[in-house]
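Each residue of the sequence shown is one higher than the last, beginning at 864 in the working numbering.
First the structure, in the form of structure tokens, and then the observations on it.
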Amino acid sequence: MSERVTPTRTAAFEARLKKRYAAERRFKAIGLSAIVFSVAVLLFLLATMTINGIGGFQRAELRLDVDFPQMGLSLPPEELTVIEAQQRLSGQGLREVVQFSAEQTMGAEGAAQLNGEAWRLVAEQIHANPGILQREASFWLPTTEDLASAYAGDGQLELQPLAQDLAERGFLEDNFDVGFLTRADATDPQLVGIWGALKGSMLTMIVTLLLAFPIGVLAALYLEEYAPKNRWTDFIEVSINNLAAVPSIIFGLLGMAVFLTIFPSMRSAPLIGGMTLALMTMPVIVISGRNAIKAVPPSIRDGALAVGASPVQVVFHHVLPLALPGILTGTIIGMARALGETAPLLLIGMRAFVATPPSSFTDNATVLPMQIFLWSDEIDRGFVERTSAAIIVLLIFLLLMNGLAIYLRNRFEKKW
């Protein structure tokens, strides 16, 4: 009986083993460093946007005290729109009342720094609560951009003493601007809002999803389950893969050449923007959908066929529900890319100045990335802060959209 020989760990073997362990430690260190660096960059970006954007959610406001019973204003009891109420009160001298009350409380210099559209905000509050006309009321109204810059310490040195005096007397403060989330675009950074662009993004994304998702999923199902394997199928597959890598501005050119030719009166409408972005998003959904369908085990198909299911029932009752989480993952990626696009929308006219939020898919509109692009081109300091605030809104909108998609993906996920 031969004796068992124990392998000898030679010096060369020990050196190779030590070298292998050292390489593994270096690989782990490099991977951990990459993760730490990525997290640090992300935190730096979020912190920078938050610090710069906090000021964008605020605006400098002056306190105005008005004794309405002495002013003789009245608002008829019948139902009026906001614009009708503004016109009725303007005819009764509301502008003069606001100016007079501002001079009485803040002096002529302070009253001169009240925003020219402040009286409209007073009219809106009176329309919402007509009982204000029966008593003395206080309002916080936007200042001019010059006084806001002076109060922030950015230029306008000649107005800084006035800003400091008004602040010490309790007439000037930086308050949270709720209207930033409910107004549309404007030429004055004290009066701009993000709702018009946000609503335009929502309408555009709805059109994109309604077009790209069903067409992309059905195309993926056909190519993976029904299409014959021949040169034409291979050509289609290569074309789809190439389309996923095409620069987005090419899709903008296609949308301008096709959709604006068919619908020339809908330039800058969410319907045209959504169709253009759907062309860009569809290849991503098709590719991810095919991969998700291919990942479903063949035993699922065989088992369904064995119990008498038809080929169509196998696809739609078994394969598609199991592949849906993967399909939704690709949809999330495609929609996130579409949400941040500006180049295709530039070519179809969605960089227009839109002072009224769109009410339908065919109204003129812009989107959040385009609004950020337009504000970033302004030179006023107020627009710089508003741009950072709009970026925060865009990130929150993106997180909410992705969160909803992830919830739906987990909701439909099945185990096998």
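We treat Cβ as the ideally placed atom computed from N, Cα and C, and that holds for glycine.
Here the structure is a predicted model, which means the values were calculated and not measured.
Would the beta-carbon of residue i fall within 8 angstroms of that of residue j?
| i | j | result |
| --- | --- | --- |
| L1210 | V1230 | no |
| A1047 | G1033 | no |
| Q1053 | G1245 | yes |
| L996 | L936 | yes |
| G1056 | T1045 | yes |
| A1158 | G1189 | yes |
| A832 | L1066 | One cannot answer for residue 832 here, as it falls past the ends of the chain, which runs 864 to 1279. |
| A1013 | A1030 | no |
| R922 | S1001 | no |
| I1163 | L1187 | no |
| T1028 | T968 | The identity of residue 1028 in the sequence shown is Asp, whereas the question assumes Thr. No, these two residues do not count as a Cβ contact at 8 angstroms. |
| D1226 | A1090 | no |
| E1088 | V1170 | no |
| F931 | E980 | no |
For the candidate residues the options, whose alpha-carbon lies nearest to that of residue i?
| i | options | result |
| --- | --- | --- |
| Q949 | H990, G970 and P1005 | H990 |
| A965 | R951, V985, G954 and I946 | V985 |
| A1167 | A1155, L1183, D1243 and T1006 | L1183 |
| T841 | T1219, L1262 and S1251 | In this structure the chain extends from 864 to 1279, so residue 841 is not present and cannot be described. |
| L1191 | P1174, N1154, D1226 and I1163 | N1154 |
| M1213 | E942, F920 and I1235 | I1235 |
| L938 | I898, E972, D930 and N992 | N992 |
| D1165 | H1181, G1152 and V1101 | H1181 |
| R1200 | V1217, N1265, P1160 and P1133 | N1265 |
| P1221 | Y1089, M1129, Q967 and S1102 | M1129 |
| I1069 | Y1085, A892, T1194 and F900 | T1194 |
| L1262 | G1203, T1225 and V902 | G1203 |
| L1258 | M912, T944 and M1143 | M912 |
| Q1176 | G1118, L1084 and K1092 | L1084 |
| A1082 | A903, I1156 and E1241 | I1156 |
| T1139 | G894, Y884 and V1121 | V1121 |
| F1224 | G994, I1135, L906 and F900 | I1135 |
Opposite residue i in the DSSP bridges: which residues?
| i | result |
| --- | --- |
| Q921 | F1039 |
| A1000 | V929 |
| L977 | T1006 |
Who are the near neighbours of residue i in its chain, counting only those whose CB is closer than 7 angstroms to its CB and skipping five residues on each side?
| i | result |
| --- | --- |
| M1145 | A1075, I1078 and G1079 |
| L1267 | none |
| F920 | F1039, D1040, F1043 and A1252 |
| A971 | none |
| L1116 | L1210 |
| V960 | V929, M934 and L936 |
If you drop the 5 nearest sequence neighbours on each side, which residues of the same chain put their C-beta closer than 8 angstroms to that of residue i?
| i | result |
| --- | --- |
| A878 | none |
| N915 | V1247, E1248 and S1251 |
| S953 | W982 and A986 |
| M1233 | A1060, T1205, L1208, L1209, M1213 and R1214 |
| A897 | none |
Looking only at its own chain, which residues have a Cβ that is under 6 angstroms from the Cβ of residue i, when we skip the five neighbours before and after it?
| i | result |
| --- | --- |
| A1141 | T1071, L1074 and A1075 |
| D1017 | R1244 |
| M864 | Confidence is the limiting factor: at M864 the pLDDT is only 48, short of 50, which leaves the residue's position unreliable, though a coordinate-based value still follows. No residues qualify anywhere along the chain. |
| G1197 | T1144, V1147 and I1148 |
| Q1023 | A1013 |
Using 8 angstroms as the limit for Cβ to Cβ distance, is residue i near chain D?
| i | result |
| --- | --- |
| T1192 | Looking at the structure shown, chain D is missing, and only one protein chain is on hand. |
Given 8 angstroms, three or more beta-carbon pairs between the stretch 1136-1150 and the stretch 1101-1108: At 8 angstroms Cβ cutoff, the stretches touch.
The stretch 966-981 / the stretch 1006-1018 touching (three or more Cβ pairs under 8 angstroms): Output reads yes: the stretch 1006-1018 touches the stretch 966-981.
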